[in-house]
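As numbered in mature numbering (1 follows the signal peptide of the UniProt record, and there is no 0), residues -20 to -1, 1 to 105 make up the sequence shown, in order.
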Amino acid sequence: MARIILFAFIVLNSLSFLEAGETRTWEGKWNNRKYNTTGPLKCVATSNDKGVWKATFTGLFKGDPFKYEATFRSQAKGQQLNLAGDATIRGHKYQWTGFMKGATLSGKYRSNIGYYGEFVLKQKK
């Protein structure tokens, strides 16, 4: 019986990231490998029933606040939700990939002008 309850919990928990209209918030740090800089980053994202997320990222770059919108696609793979998206930030094109797993949102990004790095954020309730 305990195995059935554990299995049901794992399945239901893994499907929770697919709820349409759900808004999630994550906070953590990003790293820019081109300039070896880092800073705080916050993401607030809402999903739809087609696996598309609309997100607002806010943070600091060398003490300068930034805010940008991004749209990304998601695809479930086991306990993980794989992500891919793009954004235009200050006129520059960015592409990124990442994943959601448990309470973590992780990603890697690259811009058309050579900025690249990663971020790791933890979900806030």
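Where a beta carbon is used, it is the ideal one built from N, C-alpha and C, also for glycine. Source: prediction; values computed, not measured.
The beta carbons of L63 and G39 sit about 18 Å from each other, so the pair does not count as a contact at 8 Å. In the DSSP assignment, E7 forms a beta bridge with K22, K102.
Secondary structure of A83 (DSSP, three-state): coil. Residue nearest to Y74 within the set Y48, N28, K57 is Y48 (criterion: CA-CA distance). Here I69 carries a strand assignment [DSSP, helix/strand/coil].
A Cβ-Cβ separation of about 6 Å places T51 in contact with K34 under the 8 Å criterion.
Here T17 is not near K9, since their CB atoms are 8 Å or more apart. In this structure, the CA atom of G94 is about 20 Å from the CA atom of P45.
Membership of K14 in any beta strand (DSSP E) is not indicated, and neither H nor E is assigned to it by DSSP. From the listed residues T36, T68, G82, the smallest Cα separation to K57 is found for G82.
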